[in-house]
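Trainee: Provided herewith is a single structure, encoded as structure tokens, for subsequent inquiry.
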Amino acid sequence: MEKIIKRIYNYSILNGSFNNDIGLAYGKSAWVLLLFKYASISESCQNDLPFNILEEVIDQINEKTPLNFSDGIAGFGSLLEFLNIHNYLNDDASRILEDVEPELLKTVYAGNFDSINIAKGSAGFGLYMYFRLVSESWNEPLLKARIREALILIIDVLKRNVNLGVAKDCFGIIRFLQKIIKLKIYEPVTTELCKSYCQQLETIVNVNNSLPYISYQFLLFENERLRANAATNILNQIAELAAFPSESGIVKATFYLCLLQYHTTIYDFKEIRQDVKKMILKINSEFERFSMEQIFPFNKNANSVNIGLDYGVSCLGLSCLSLVTDDYSWLDLCTNYE
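Numbers 15 to 352, taken from the numbering used here, label the letters of the sequence shown in order.
Given below as structure tokens:
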């Protein structure tokens, strides 16, 4: 796996600078995350490179930059605080965000959301507010109170639209609400809302007798009785995905294998660990069959390859790093399960 990680890192160096997207989903914010993570385990990474690319992203932000989580300011701001929380940075994010944060708050207060999901909608703005509140990089009581108030408004939006959250957005919203529950904000409303979204998921399972998205299988880990069956289904789907380099097949397989290994760890589910190890070896051998160019073809319209967390180069690199290091923290910034 270490050789694959090195290949991914080198491919990102060759292609990352051509990407003009600053977002987490397809652009340089995700690359910054990969570079910091890789630099923490490898002496071959240039120590100043992650900081240089971070400065590039900051310089690219302007009035036309989207505000949402996957493509714009909310995602980038969350990245900054993530890097502070995990000691990759030691900087006051408020200083960097002071010109753009008012626009985020204005959007929340006005309720101008395109959807309720993490990637483009209200839950993504909420995830930004979460990272700001848990960060210790700044201490401005009045601003913290405004961000906390914005977070409550977002929870109210999710509450009003709970019946709309039964499609692919469900997993991301539940993961977001679980984070807010730990902060004990707006209780018992937040806990009851999380239960409502989980009940919506159970309704889908009962009606369809199946789960339309692989990510839904991970929510079944909450139920010990359903855990083994969910893990088996996930492994079968991973095996199918791994055979195809095109359409991000092998990237998706590696990402979901990373997510599966994470769940076996947090739920102490020893029964499946040997099968996970075998699947890691299988994917490792599959990588020998494909070049990075096959896995990540050049997009002429974007004039770059996808280097983001939406099954791009950084997603693959971070997933492989997690399989080696058991560090899954970056998943908090990922929207692939939508």
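Beta carbons are placed, not taken as given, at the ideal position from N, Cα and C, and that holds for glycine.
Of all the options Ser210, Leu81 and Tyr102, which has the alpha carbon lying nearest to the alpha carbon of Leu111?
Mentor: Ranking the options by Cα distance to Leu111, first place goes to Leu81.
Trainee: When DSSP labels each residue in this structure, what does Ser299 get in the three-state scheme?
Mentor: Looking at Ser299 - three-state DSSP - the assignment turns out to be helix.
Trainee: Which of the three DSSP states, helix, strand or coil, is assigned to Asn350?
Mentor: The answer is coil: DSSP assigns Asn350 none of H, G, I, E or B.
Trainee: Going by Cα to Cα distance, which pick from Val171, Ile161 and Asn315 is closest to Gly135?
Mentor: Considering only alpha carbons, the answer is Val171.
Trainee: Hey, Leu38 and Leu323: beta-carbon distance below 8 angstroms or not?
Mentor: Yes. Within cutoff.
Trainee: Cα separation between Arg162 and Leu28?
Mentor: Their backbone Cα atoms lie some 41 angstroms apart in a straight line.
Trainee: What first and last residue would you give for the alpha helix (DSSP H) that runs through Lys78?
Mentor: Looking at the DSSP string, Lys78 is not in any alpha helix (DSSP H), and its letter there is neither H nor E.
Trainee: Check the DSSP bridge columns for Ser43 and list the partner residues they point to.
Mentor: Partner(s): none; Ser43 has no beta bridge.
Trainee: Below 8 angstroms between beta carbons: does that hold for Leu93 and Leu157?
Mentor: Contact flag unset, no.
Trainee: Following the continuous alpha helix (DSSP H) through Ile199, name the residue where it begins and the one where it ends.
Mentor: From DSSP, Ile199 is part of no alpha helix (DSSP H); its letter is neither H nor E.
Trainee: Quick check: the stretch 334-344 against the stretch 270-278, are at least 3 beta-carbon pairs closer than 8 angstroms?
Mentor: Yes, they touch.
Trainee: Can Asp346 and Phe139 be called in contact, C-beta distance under 8 angstroms?
Mentor: No, they are not a contact pair.
Trainee: Would you mind stating whether Tyr40 and Asn320 have Cβ atoms separated by less than 8 angstroms?
Mentor: Contact flag set, yes.
Trainee: Nearest-angstrom Cα distance between Asn104 and Phe65?
Mentor: Roughly 12 angstroms separates the two Cα atoms.
Trainee: Starting from Leu111, trace the alpha helix (DSSP H) both ways and give me its first and last residue.
Mentor: Ala107 to Leu111 is the extent of the alpha helix (DSSP H) around Leu111.
Trainee: Hey, Ser26 and Ser305 are a contact pair by Cβ (cut 8 angstroms); roughly how many whole angstroms apart?
Mentor: Actually they do not touch by this definition, with Cβ atoms about 15 angstroms apart.
Trainee: May I ask you to report which of helix, strand or coil DSSP gives Ser305?
Mentor: Coil at Ser305, not helix or strand.
Trainee: In angstroms, rounded to a whole number, what distance separates the CA positions of Ser56 and Lys17?
Mentor: Cα to Cα, Ser56 sits roughly 12 angstroms from Lys17.
Trainee: Measure the alpha-carbon distance for Gly326 versus Phe312 and round it to whole angstroms.
Mentor: Cα-Cα distance, rounded: 11 angstroms.
Trainee: Out of Ala316, Asn98, Ser210 and Ile252, which has the shortest C-alpha to C-alpha gap to Lys173?
Mentor: It is Ser210.
Trainee: Taking the CB atoms as reference points, tell me whether Leu167 and Val122 lie closer together than 8 angstroms.
Mentor: Against a cut-off of 8 angstroms, the Cβ pair of Val122 and Leu167 comes out as a contact.
Trainee: Can you tell me which of Gln251, Cys212 and Thr268 puts its alpha carbon nearest to the alpha carbon of Leu233?
Mentor: Leu233 has its Cα closest to that of Cys212, out of Gln251, Cys212 and Thr268.
Trainee: Look at the alpha carbon of Leu240 and the alpha carbon of Cys184, and state the distance between them as a whole number of angstroms.
Mentor: For Leu240 and Cys184, the distance between alpha carbons rounds to 19 angstroms.
Trainee: From which residue to which residue does the alpha helix (DSSP H) around Phe312 run?
Mentor: Neither: Phe312 is in no alpha helix (DSSP H) and is coded neither H nor E.
Trainee: Per the DSSP calculation, Ser318 is bridged to which residue(s)?
Mentor: According to DSSP, Ser318 bridges with Asn313.
Trainee: Measuring alpha carbon to alpha carbon, tell me which residue in Ala164, Ile228 and Leu68 is nearest Ala124.
Mentor: Per the Cα distances, Ala164.
Trainee: Work out the CA separation of Glu69 and Asn76 for me, nearest whole Å.
Mentor: So the two alpha carbons sit approximately 14 angstroms from each other.
Trainee: Give every residue of the same chain whose Cβ lies closer than 7 angstroms to the Cβ of Lys193, excluding the five residues on either side of it in the sequence, and list them in chain order.
Mentor: So the list reads Tyr144, once near-sequence residues are dropped.
Trainee: I need the straight-line Cα distance from Ile99 to Glu150, nearest angstrom please.
Mentor: About 7 angstroms.
Trainee: Would you mind stating whether Tyr3 and Leu215 have Cβ atoms separated by less than 8 angstroms?
Mentor: The question about residue 3 has no answer, for the chain in this structure spans 15 to 352.
Trainee: Give the list of continuous alpha helix (DSSP H) stretches no shorter than 4 residues that lie fully inside the stretch 214-297.
Mentor: Correct list: 228-233, 238-256 and 263-280.
Trainee: Along the chain, where does the alpha helix (DSSP H) that runs through Val338 open and close?
Mentor: From DSSP, the alpha helix (DSSP H) with Val338 extends over Val327 to Thr339.
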